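Contents: one structure, followed by commentary.
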Amino acid sequence: MVTIETPRSPRSRKGAKWEKWGWLYMRASGVVLLVLIFGHLFINLFQNGIQAITFAFVAGKWADPFWKIWDGAMLWLALIHGTNGMRTIANDYTVRLGMRKFLNVTLWVVCFALIILGTLVITTFDPCSDPSVNQIADISIHCGK
Amino acid sequence: MSAETKKIGEIPSYKVTLFVRRFNPEDGQEARWEDFDVEVFGTDRVLDALHKIKWEQDGSLTFRRSCAHGVCGSDAMRINGRNRLACKTLIKDLDMSQPIYVEPIKGLAVEKDLVVDMNPFYQAYRDVKPFLIASDKPAKERLQSAEERARFDDTTKCILCAACTTSCPVFWTDGQYFGPAAIVNAHRFIFDSRDEASEVRLEILNDKEGVWRCRTTFNCTEACPRGIEVTKAIAEVKQAILVGRR
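Just so you know, the sequences run in chain order A and B. Residue numbering for the first sequence follows this note's numbering, starting at -5 and increasing by one per position. Residue numbering for the second sequence follows this note's numbering, starting at 51 and increasing by one per position.
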């Protein structure tokens, strides 16, 4: 007769206790991301405005390992931070266990696909490999073309 | 003249409408709202209005109450969308021009009308070992300084009414979560200098469904009829788990 499923049964105590690390990660990465994101926005937008963001601008930035590390850190921290937040929301709002599992698996698959793609772009970026680079004088002189 | 003297001694009364959430497991119907008009005095509480309904209008209305003075914690219910004790809520403090909505606390299975199954709530309470664990057997009382006592004074006030746990949005969808009340009662022993099992309780609450599920929405702190700073207590337990000691 009672339509609500009885809470707290069956109760599982299995699984590694990494929720603590998840909780800690959200706070630590949040603080670091504040610096990284606002630094990123300031450098990209406030100096010469949005028109300044061109292929040459990105190529120039990524010629410096400092910005590669900056952007790489931002990519990893933000994607894991966001996915973990979405996982929390999924856990809060899904009632059925199957749905919860499906959403969590999907979230992490998407997250890691994006991380791998992004990391590939940052680490293998070569402005000279783009054939249209010849039209950008600032870069093409460094490509020996 | 006689009419005036009568007025002096007269206690003003008000007519209020109560919408009560009714559910009878035996009639095969879904839960529904039922309205009652009640004549109340300015000193009456919601519990008095429920009593008047039960005693004068509909004897089948079912709700829990024991002491009726805010100590036993039996009559926690959702009044106008907020968890409160019916015995501590004065009707004149609510908006009397509007109907008063009374429903069972959320997240626990309704058994009848305003009565819910409290067993899952008590199970979470039992799971945190809410009793003193000490190896020695002193001949006299266990001494404690005023400062040591002050650390957990707030959480000793809990009356296990479940108003906090059933106001928690995490508990509503995830019945596995220990809930604020169990954590408050764990806090009461974790930070007690006489207790020797704080590590055990911290480990229990370091569970997937333990303190990390808390989203600090502060619903529990607002709901607590004893004024316990529940969210603060949960945060202190989180901190104790992080540093590994109380």
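Ideal Cβ positions, reconstructed from N, Cα and C, are used throughout, including at glycine. Values in this document were obtained by computation on a predicted structure and should not be read as measured data.
Please confirm whether Val96 of chain B and Arg134 of chain B have their CB atoms less than 9 Å apart.
-> Annotated as proximal: Val96 of chain B and Arg134 of chain B, with beta-carbon spacing under 9 Å.
In chain A, which residues lie less than 8 Å from Ile291 of chain B when you measure between Cβ atoms?
-> When 8 Å is used as the limit between beta carbons, Ile291 of chain B is near these residues of chain A: Lys14, in chain order.
Taking C-beta pairs closer than 9 Å, name the residues in chain A that Val220 of chain B reaches, listed in chain order.
-> Neighbourhood of Val220 of chain B in chain A, by CB distance below 9 Å: Asn85 and Asp86, in chain order.
Round the Cβ separation of Ala283 of chain B and Asp204 of chain B to the nearest angstrom and send it over; I've been treating them as touching at under 8 Å.
-> Ala283 of chain B to Asp204 of chain B, Cβ: 7 Å. Contact.
Neighbour list for Trp262 of chain B in chain A, Cβ cutoff strictly below 8 Å = Glu13, Lys14, Gly16 and Trp17, listed in chain order.
DSSP puts Tyr331 of chain B in a beta bridge; with which residues?
-> Because chain B spans 51 through 296 in this model, residue 331 of chain B falls outside it and cannot be assessed.
May I ask you to verify whether the segment 238 to 251 of chain B touches the segment 264 to 280 of chain B, counting CB pairs closer than 8 Å and requiring at least 3?
-> No, because fewer than three Cβ pairs between the segment 238 to 251 of chain B and the segment 264 to 280 of chain B fall closer than 8 Å, the two stretches do not touch.
Pick out the complete alpha helix (DSSP H) segments inside the segment 35 to 67 of chain A, 4 residues or longer, and give them in chain order.
-> For secondary structure counted as the alpha helix (DSSP H) over 4 or more consecutive residues, the segment 35 to 67 of chain A holds these complete runs in sequence order: 49 to 56.
Provide the residue span of the beta strand (DSSP E) that contains Ala118 of chain B, from first to last.
-> Here Ala118 of chain B belongs to no beta strand (DSSP E), and DSSP marks it neither H nor E.
Whether Trp17 of chain A touches Trp262 of chain B by CB criterion (9 Å) | In contact: Trp17 of chain A and Trp262 of chain B (Cβ atoms closer than 9 Å).
C-beta neighbour in chain B for Thr100 of chain A, strict 9 Å | No, Thr100 of chain A lies away from the interface with chain B (no Cβ there is under 9 Å from its Cβ).
Count the other CB atoms, across all protein chains shown, that sit within 10 Å of the CB of Met93 of chain A; report buried if there are 16 or more and exposed otherwise.
-> Answer is exposed; the Cβ neighbour count stays below 16.
Straight-line CA distance for Arg296 of chain B to Glu259 of chain B?
-> Taking the straight line joining both Cα atoms gives about 20 Å.
Around the Cβ of Phe32 of chain A, are there at least 16 other Cβ atoms within 10 angstroms (buried) or fewer (exposed)?
-> Burial call: exposed.
Span of the alpha helix (DSSP H) holding Phe171 of chain B?
-> For Phe171 of chain B, the enclosing alpha helix (DSSP H) stretches over residues Asn169 to Asp177.
Is DSSP giving Asp87 of chain B helix, strand or coil here?
-> Three-state result, Asp87 of chain B: strand.
Decide if Val104 of chain A is buried, meaning its Cβ has at least 16 other Cβ atoms within 10 Å, or exposed.
-> Val104 of chain A is exposed by the Cβ-count criterion.
Let me know the secondary structure DSSP gives Glu198 of chain B once reduced to three states.
-> In the three-state reduction of the DSSP assignment, Glu198 of chain B falls in the helix class.
Would you kindly report the start and end of the unbroken alpha helix (DSSP H) that includes Leu111 of chain B?
-> Here Leu111 of chain B belongs to no alpha helix (DSSP H), and DSSP marks it neither H nor E.
Across which residues does DSSP place Ser63 of chain B in a beta bridge pair?
-> DSSP output for Ser63 of chain B lists B:Phe91 as bridge partner(s).
Proximal residues to Asp245 of chain B (C-beta, below 7 Å), its chain only, five neighbours per side dropped | Excluding residues within five positions, the ones whose Cβ falls inside 7 Å are Leu182, Ile183, Ala184 and Phe239.
Beta carbon of Ile233 of chain B, beta carbon of Val287 of chain B: below 9 Å?
-> Against a cut-off of 9 Å, the Cβ pair of Val287 of chain B and Ile233 of chain B comes out as a contact.
Kindly indicate which residue of B:Asp98, B:Arg192, B:Leu158 and B:Thr266 has the alpha-carbon position closest to the one of Val66 of chain B.
-> Relative to the Cα of Val66 of chain B, the nearest Cα in the group B:Asp98, B:Arg192, B:Leu158 and B:Thr266 belongs to B:Asp98.
Note down the Cα distance separating Trp105 of chain B from Glu80 of chain B, rounded to an integer number of angstroms.
-> Looking at the two C-alpha atoms, the distance is approximately 25 Å.
Range covered by the alpha helix (DSSP H) that runs through Arg238 of chain B = For Arg238 of chain B, the uninterrupted alpha helix (DSSP H) segment begins and ends at Pro230 to Ile240.
What span of residues does the alpha helix (DSSP H) with Val93 of chain A cover, start to end?
-> In the sequence under discussion, the amino acid at residue 93 of chain A is Met, which differs from the Val named in the question. That run of the alpha helix (DSSP H) goes Leu91 to Thr118.
Hey, Arg115 of chain B and Thr216 of chain B: beta-carbon distance below 9 Å or not?
-> Cβ distance not < 9 Å, so Arg115 of chain B and Thr216 of chain B don't count as in contact.
Interface flag, Arg265 of chain B vs chain A, CB-CB below 9 Å = Chain A places a beta carbon closer than 9 Å to that of Arg265 of chain B, counting this residue as a contact.
Per DSSP, which one or two residues make a beta bridge with Arg128 of chain B?
-> The partner list for Arg128 of chain B (beta bridge, DSSP) reads B:Asn133 and B:Glu153.
Go to Val160 of chain B, then tell me how far its beta strand (DSSP E) extends in each direction, as first and last residue.
-> Counted as a single uninterrupted DSSP element, the beta strand (DSSP E) harbouring Val160 of chain B occupies residues Val160 to Lys162.
For Arg82 of chain B: DSSP bridge partner residues | B:Arg72.
With a Cβ-Cβ cutoff of 9 Å, do Ile74 of chain A and Ile109 of chain A count as a contact?
-> Closer than 9 Å, so yes.
At least one CB of chain B closer than 9 Å to the CB of Val89 of chain A: is that the case?
-> Yes, its Cβ sits closer than 9 Å to a Cβ of chain B.
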